[in-house]
Amino acid sequence: MTRPDDIQLEHMPTPVDPVVFRRVVGHLASGVTIVTTSHGSDMYGMTASSVTSLSLEPPLMLACINNAAPTASAVSQAGHYAVNVLGEGSAHLAQQFAGPHRDKFRGVDIVPGALGAPVLSAALANLECRVVERVRGGTHTIFIGEVVAASAREGSPLTYFRGGFGRFEFERDDEAYRRARRLLLERRYGADTVLSLDEFAYDLDVDKASAFYALTRLAVDQLVRRDPERGYVVAPFDVRTSDEAFDARSAIEAGVIDMTAGRLTPADLGGLRERFETMATLLVGDHFIDFDRYVDANLSFHEYLVSLAGNAALSAAFGQIGLRAVMVRSFGASPLTSQAFIEVQRELTEALEAADTVAAKRAAFAYTELAKARAREILAETGGML
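Residues 324 to 709 in my numbering are what the sequence shown spells out, letter by letter.
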């Protein structure tokens, strides 16, 4: 057994680059607060996101403040601070208290707190704390405070994510991902194309952070893969890949039907029917009402069907097929589809409800052939391979 002091220093990982660290931890969404205090006749305040609850008994909060900020010194000397949690409509206050302004409290409605710190009336919540411990950590000091007063009102908190306030950062990244996925499904990039981060960001008209977010989501969808030497590359997808996945699904489901038809409980059948009805609302008149929700509902229906066998190995094998990625890549390039998909899955549901093994297997195989044929049509329309 190797002890820590046996580890050679040359094999220890080097500290992460500060720029990289800042970018990565920026993906941690956090609430936005303004930490305030008073010392003598002066008031101090600063915007802070490194604030969190620490303990319920006793009630403790911690605030991590940069030692270069005047507020850090003021809290040390005053021995108290207030945490003012901002609501969604208070981004202007966050900006006002974020910089080195002469009078940060100008135009801000405040009331004196129990310990003397200025408390912001417009805040979503206020917590007044008496400092009970200080911990120095690098460029910051962690102030642990015992909460002596707390109040809150209804509303949604302002969030901080990757250098921006509010929800628009998430929405912007999601839109970049949706645009990127559309480009790949429309075959704008050939199979095995290397997606340079700079060029991909340019194509999407977003910053590199949003482009990187899109690439990581596309990797989950298996539209791209991470090559250790080349970076992100477009994953190939062809008729054979599609056929094999759908054939694997039908083979597993045929086995499950043989095992369960005629032995399912009313609760089992009710669960299957419920999932079918949810799926059916999302494909109407040869159009997907909402493609992503349809895919999720479809997978829920078929995963539930397989789970009725009560066999963990079968469920695991079914999960390894990667059907979500196959469906996205097979059908996601077009909003058009066929109502026949719903009808044949209705036949499958009704056959199981009637304990008709032959009809249920026939419907499962018919559904597979429909899926394979539609995938071939779309692949032919878009160049034969993704």
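The beta carbon of each residue, even a glycine, is placed where N, CA and C say it ideally should be.
Item: Residue 596, DSSP secondary structure in three states; Value: helix
Item: Whole-angstrom distance between residue 409 and residue 356, CA atom to CA atom; Value: 6 Å
Item: The ligand ZN heavy atom lying under 7 Å from the CB of residue 529; Value: For the ligand ZN, the structure offers nothing, since it holds no ligand at all.
Item: Sheet register partners of residue 611 (DSSP bridge); Value: 606
Item: Where residue 512 sits in the DSSP three-state scheme; Value: coil
Item: Reduced DSSP secondary structure (H/G/I, E/B, other) of residue 621; Value: helix
Item: Stretch pair the segment 535-554 + the segment 667-679: three plus CB contacts closer than 8 Å; Value: no
Item: Cβ contact check for the segment 398-413 and the segment 359-367: 3 or more pairs under 8 Å; Value: yes
Item: The segment 696-704 / the segment 570-583 touching (three or more Cβ pairs under 8 Å); Value: no
Item: Reduced DSSP category for residue 644 - H, G, I as helix; E, B as strand; rest coil; Value: coil
Item: Where residue 605 falls, given that 16 or more other Cβ within 10 Å makes a residue buried; Value: buried
Item: Close Cβ partners of residue 466 (< 7 Å) along its chain, the five nearest in sequence each way excluded; Value: 385, 386, 388, 398, 404, 454 and 457
Item: CB of residue 624 within 8 Å of CB of residue 650, strictly; Value: no
Item: Local Cβ density within 10 Å of residue 451, reported as buried at 16 or more and exposed below that; Value: buried
Item: DSSP-derived helix/strand/coil call for residue 703; Value: helix
Item: CB-CB length for residue 534 against residue 547, believed under 8 Å; Value: Between residue 547 and residue 534 the Cβ distance is about 12 Å, and since that is not below 8 Å, they are no contact.
Item: Inter-residue spacing [alpha-carbon to alpha-carbon] between residue 635 and residue 513; Value: 38 Å
Item: Per DSSP, the bridge partner or partners of residue 583; Value: None, per the DSSP bridge assignment.
Item: Through-space distance from residue 371 to residue 500, alpha-carbon basis; Value: 29 Å
Item: Residue 661 versus residue 619: straight-line alpha-carbon distance, rounded; Value: 17 Å
Item: Helix, strand or coil at residue 428 [DSSP, three-state]; Value: coil
Item: In DSSP terms, what residue 365 is bridged to; Value: 362
Item: Separation of residue 670 from residue 508, as counted between CA atoms; Value: 30 Å
Item: Among 468, 441 and 588, the one whose alpha carbon lies nearest that of residue 377; Value: 468
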